[in-house]
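Peer 1:
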Amino acid sequence: MPVVPPNFENSSLSPSSSRSLLQSGQTGSQANLQPQSSSTTISTGTFNFPDEDTNNVNDPNREWAILNKYLEDKELLQVINSWLLLIAGQEELPYNPYPTLVWYARRQAERFHLFFEEEDTILQKLDCSAYNVGDHVARTHEEPARWGLPPLLKAVNTKALEKFDWLLTTIPSDVSHLDTRDAKYIVHETVPVLTGPCIFLDSLYPDIPLVQVNLEYGIAGPRKEHAVEMFAELVLSVLVPEQDDQSWSYSTWTYQNLYENQEEFLFMVQAATRNQKTITSECLFRLDPNSQHYKRGEIVCNLTFMRVESDRVVSESPMPYFSAYQGVFKSHSSLVKYLAWFENVEKTEKPPEFCEPTTSSTKRSSIFFTRGKKTSNTNSITSTTTTSRTALGGTSGATESSLCPDGGPYAEHVKEKMRKHLLQNIASFPGHENLFVVLHDVILLLLFNRDQDQAENGLVEAYRLLQSTLYKMYLLIEENTFLQSLVSRFTKQESADSYAVQVLYLEYRQHLKDLLCNELQERSIGFTVAGQVLLDRLDAVTIRPSFHVSSSDKTGTLPLNTQVFDELRAINKYCLTLMLGLVDDALVFCPTLKQYFSPIDTSHHSLLTNYTFKHGVEQQSILHQDKTYLNVEDAEEKIRAPAAIASQAVILKYFVETRLDQTFEGFLGQLLSSSCLPPNPYPRLVSHLRITSVSMEMFGEKHEKLVSRLLPGSAQLIDAKHYLYGFPGCEAYGMISSLCALDSKHYNELLIKTKVVHNEVGARVTDQGIKATVGVALTGFSPLYGRSMPYFHEVELEEHYLLQGPSHIKTDTINHFTKLVYDHLAGFAEESSVLFVGLFLGDVRRSLSDIVEKKSSFIAQLSSTVKQKKPVYMKAYVQMDWRLVLVKKSFLLHYIEGQFIGYHRFYTLSPITYYQNVFSSQSTVSKPTSSYVAEAWYMFHSAAAQLEYLITLNKTLQNVINEELSRTFTPARADKENNQSLLDEAVVGQMTMAYSQKLHEILKRGTCMAPSGLTALLQNKLRSVTDVNQTSNTLQLKISQQSVSVLQEMNDLLQPLLDASAHEIHQICPDVQHALRSITTEIQLSQ
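Okay, structure coming up:
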């Protein structure tokens, strides 16, 4: 895809220009850039193709007519022009308008799916026929009949619910085996009720994440405590609520630990039931007896206790008629039995008037919020039930005539309880990540209030939201969650049923591929990159079939272990970020539903922002682009144009300099010249605008000027024989390739900060005649820090030991080298400024205490490793300003015999190190390609580089906590009395604050394309593992394994932003992309 670089050099819109620019953090312009209406368009376009008969195959203008018809049908020109009008109407024009245009295009791409069906068609699906049978009972018109409350039945697709019939008849619900041991207690027949989203399958929901069934248990008797004990014996393999510090959480009981701890299980069930909590059983449902296909399911066990008094039976349910408001019954008898349990719930003095709908043409009624008028000649039916077995059974009196309209499910206090329950559920799940968790409760509220204003609009919006890409992503997340639970279970316990995991994994992988990598449904660049990354990650943890196996299916088998579980969980966090972005795309078209969802709290996103931290050598002109605007009024006064057209001239100049005209013209040219026209052109436009937004951000400086600044030519040739160069102003020596882009100021700073890990060896000759010279080289990416690279993730050093001595004393030379290394490492035992992680001898890690306490063993192992030319390196954390930086230093031995008679290298030399090392000493030590240098600078200063830096800070915090928990930083002293860790928790707190602020800053960057709900989610996670020191007003990160898990979750949530940003920056750097592709090809050919 071609990239249009902006024409900003020497213009009023250049970030380096102060003329006509406002530098402000919150000017209100960003808020005003939101679309005024989702349907804002203009009636005229700028393209006018000949209007010819498209059916004439031989007409030479037929192709133009088809293209013209395509643009007209998709309203592409009108939509683009409406965006330009929105931007042009601002008082302050953004420096980079493309991030805003990307979000506009994303919404239009999702609108294609949301508005695929007309509103009348949707309402027809949600207005099915239902008629009353008695006072409280209704049934569907279509067969097989479903029974329940009319508002629910009118939105039920009867045919779709047939798939659950066999399941409802096979769920274990027999209570005959229970020995009551007391004639005063009666256990009613269990009533299964289909609940949750599955009752609206194929009417509202195109698919469902799980099948939910309520098992309603009714027990009548004099004492609730005994009834609870009986109920506990009816429940198996469940999620049982347990109380801890006044809060309730769920503990999982499997069949195995249930049978091993039956008494504890029964006690917990009883405690939960007494506190009015439901018991949930997680299941795998088979919906068809002739199929091995399984569906995730839940069975919710609920107890309704009916207290038997001297002259009546009174229901003590905290939520009367709960399942009637939530679900659909398979038979008339089961509904009547269930309603009869609440027959004597306390009634209101003035019962509400209620008229049930009878057909789809009947006026819709509202159950909630409607006060009924006083009714006349209404006789209250009072039960005179005795304690006889017939009365306790509740069947003989459960006729339709006994269910009076002034009580039952339509009593005012029953409706109010249900309304409060639903609203409480909605409020208890804030955040965009819980959107579909509460959507079902919102749908129930809307269905029971269809005569209220905007209720119909809300139902239409809910239907459209459930047809969106957003809902498909939610289903994918739920599918992954269930797969995690199965992998976790079968990892702990082998079972013959584990084959079901493989079937569900293959389905999950296919669904992921269909959603993100479907060739028949084009997606934008962010989703296609994510899809490929996720498929590669899934394939990486599977066991692939051997090459000699002839099979067309290349998909591997999913092993059942903790590694797979962790990877599935990380993939779900990845998908959650994608879902949050889709929420921003879709929810803008659902104004009625948004009223029910809690707004995102943006007031306290970052933690303790009154501290300021410096992050590397950042380019302020790039970081402040989002705060840079062109004031139209000021520009009108300065532009050379008549006053009458000054405003239009400013807008026109802005469009030209930001190349908006070329951008859209280039996109339309590509679109219309492609081999096929996509049904939805907006995903392709999103991709085009995302890449253009990155080029706009990075190409503010001319290529030649940037290269001259990065390659000042300061390196000087000081040894022509060895092609050795030096850099004035610092002790830096090496090849021209390593010094050409060196920043002397920051190079010196790095050397000073890492000097604490340098080995200072005196210039003396040993008894064996060995003279040692030690030189340190900065290697890897570290020499690029400063002028070329704004951040360093870790510092890589190479410490070269040049030992010169007589011939044939190689063993003595190695022994002397091991002594120098041991003395150097032992010095860290008393050095509090260095957090020593370990010395690595090949694949073996030795701790500092292990080295000091087992000197002989260590020296022998080090000598053996050197002889085998295996890598020897140390890792340590060194404090640099406010952060801890990992320093990796390699120990490299050179042996020179006599006056260079012979030379021996005791390590494996990498060809690239000679050209990238920068030595601090001349005694121990090719022309650059300018296009690579410039493009590397773009990459290092992109949003992807910032996100990678942020992830590095996060990983450092994780590693420090893990090492601290392993007591790695405990001083290696002879006495063990004072074993306090060397880790300064105040430094960790500073890093946490800096990380939090940088997180907030990066997510606000326009080209980062972060969803609006992501910042709050990440900051809430960080807040959960930090404490605030009220005295110093600083943060303290909790040193615990939970902190490590939460920090890793945050990195997983940021990963899709990094992957998409990295792909985009590669698209505008073709030379580097070509070089990387060539390297990859060479590696594959060499294997």
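For the sequence shown, counting from 1, position 240 maps to 240 in the UniProt record's numbering; every step adds exactly one.
Each residue gets a CB set at the ideal place from its N, CA and C atoms; glycine is no exception.
Where do the ends of the alpha helix (DSSP H) carrying residue 467 lie?
Peer 2: Following the DSSP letters along the chain, one finds residue 467 in no alpha helix (DSSP H), marked with neither H nor E.
Peer 1: Have a look at residue 204 and residue 463 and give me their C-alpha separation to the nearest angstrom.
Peer 2: 5 Å
Peer 1: Pick out whichever of 140, 1034, 946, 450 has its Cα sitting closest to the Cα of residue 992.
Peer 2: 1034
Peer 1: Give me the Cβ distance between residue 303 and residue 273, rounded to the nearest whole Å; I'm assuming they're in contact under 8 Å.
Peer 2: 6 Å
Peer 1: To which residues of the same chain is residue 331 closer than 8 Å at the C-beta, ignoring the five residues directly before and after it?
Peer 2: 147
Peer 1: Looking at the unbroken alpha helix (DSSP H) that takes in residue 533, where does it start and where does it end?
Peer 2: 525-540
Peer 1: Going by alpha carbons, who is nearest to residue 126 out of 430, 446, 429, 1003?
Peer 2: Proximity to residue 126 across 430, 446, 429, 1003 peaks at 446, based on C-alpha coordinates.
Peer 1: Within the continuous beta strand (DSSP E) that includes residue 307, where are the two ends?
Peer 2: 294-308
Peer 1: Based on Cα-Cα distance, which residue from 317, 844, 981, 1056 lies nearest to residue 836?
Peer 2: 981
Peer 1: Tell me whether the region 992-1007 and the region 1017-1031 touch, counting them as touching only if at least three CB pairs, one residue from each stretch, are closer than 8 Å.
Peer 2: The region 992-1007 makes contact with the region 1017-1031: 3 or more CB pairs, one atom from each, lie closer than 8 Å.
Peer 1: Does the region 678-691 come within contact of the region 91-102, defined as at least 3 CB pairs closer than 8 Å?
Peer 2: yes
Peer 1: Considering residue 220, what are the terminal residues of the beta strand (DSSP E) in which it resides?
Peer 2: 211-221
Peer 1: Rounded to the nearest angstrom, what separates residue 1069 and residue 932 at their Cα positions?
Peer 2: 9 Å
Peer 1: Taking 8 Å as the cut-off, does the region 711-721 touch the region 115-130 (at least 3 CB pairs, one atom from each stretch)?
Peer 2: no
Peer 1: Report, in whole angstroms, the separation of the C-beta atoms of residue 98 and residue 692, which I expect to be a contact under 8 Å.
Peer 2: 5 Å
Peer 1: Thinking C-alpha only, which one of 451, 1081, 484 is nearest residue 562?
Peer 2: 484
Peer 1: According to DSSP, is residue 1117 part of a helix, a strand, or is it coil?
Peer 2: Any answer about residue 1117 is impossible in this case: the structure gives the chain only from 1 up to 1087.
Peer 1: Counting only the same chain and skipping the five closest in sequence on each side, list residues whose C-beta sits under 8 Å from that of residue 715.
Peer 2: The beta carbon of residue 715 is closer than 8 Å to those of 725, 726, 727, 736, 739, 740, 742 in its chain, skipping five residues each way along the sequence.
Peer 1: Can you tell me whether residue 572 is buried or exposed, with buried defined as 16 or more other CB within 10 angstroms of its CB?
Peer 2: buried
Peer 1: Under 8 Å, do residue 525 and residue 1063 count as touching if we go by C-beta distance?
Peer 2: In this structure, residue 1063 lies closer than 8 Å to residue 525 by Cβ.
Peer 1: If contacts are defined as beta-carbon pairs under 8 Å, then residue 745 and residue 786 qualify, I think. What distance do you get, rounded to the angstrom?
Peer 2: 7 Å
Peer 1: Cα-Cα, which of 790, 890, 749, 904 is closest to residue 813?
Peer 2: 904
Peer 1: Does the beta-carbon of residue 844 have 16 or more other beta-carbons within 10 angstroms, so that it is buried, or is it exposed?
Peer 2: exposed
Peer 1: Applying the 10 Å Cβ sphere with the 16-neighbour rule, what's the burial state of residue 586?
Peer 2: By the neighbour-count rule (16 or more Cβ atoms within 10 Å), residue 586 is buried.
Peer 1: Cβ atoms of residue 859 and residue 805: under 8 Å apart, would you say?
Peer 2: No; because the gap between Cβ atoms is not below 8 Å, this pair is not in contact.
Peer 1: Around the C-beta of residue 764, are 16 or more other C-beta atoms found within 10 angstroms, so that it is buried, or is it exposed?
Peer 2: exposed
Peer 1: Which term fits residue 643, buried or exposed, when burial requires 16 or more other beta carbons within 10 angstroms of its beta carbon?
Peer 2: exposed
Peer 1: Using DSSP bridges, identify the partner residues of residue 148.
Peer 2: Paired residue(s): 138.
Peer 1: What residue range does the beta strand (DSSP E) around residue 283 cover?
Peer 2: Segment 279-286, the beta strand (DSSP E) holding residue 283.
Peer 1: Going by DSSP, what residues sit across from residue 203 in a beta bridge?
Peer 2: Within the DSSP secondary-structure output, residue 203 pairs in no beta bridge.
Peer 1: If you draw a straight line from the alpha carbon of residue 474 to that of residue 851, how long is it in whole angstroms?
Peer 2: 52 Å
Peer 1: By Cβ distance below 6 Å, which residues in the same chain neighbour residue 882 in space, the five residues on each side in sequence not counted?
Peer 2: 613, 990, 994
Peer 1: What alpha helix (DSSP H) runs, 4 residues minimum, are completely inside the region 784-860?
Peer 2: Here the runs fully enclosed are 810-826, 848-853.
Peer 1: By the 10 Å Cβ neighbour count, where 16 or more other Cβ atoms means buried, how is residue 120 classified, buried or exposed?
Peer 2: exposed
Peer 1: Take every Cβ of the region 891-901, pair it with every Cβ of the region 659-670, and state whether three or more of those distances are shorter than 8 Å.
Peer 2: no
Peer 1: Suppose you measure from the CA of residue 1038 to the CA of residue 1024; what does that come to, to the nearest Å?
Peer 2: Cα-Cα distance, rounded: 9 Å.
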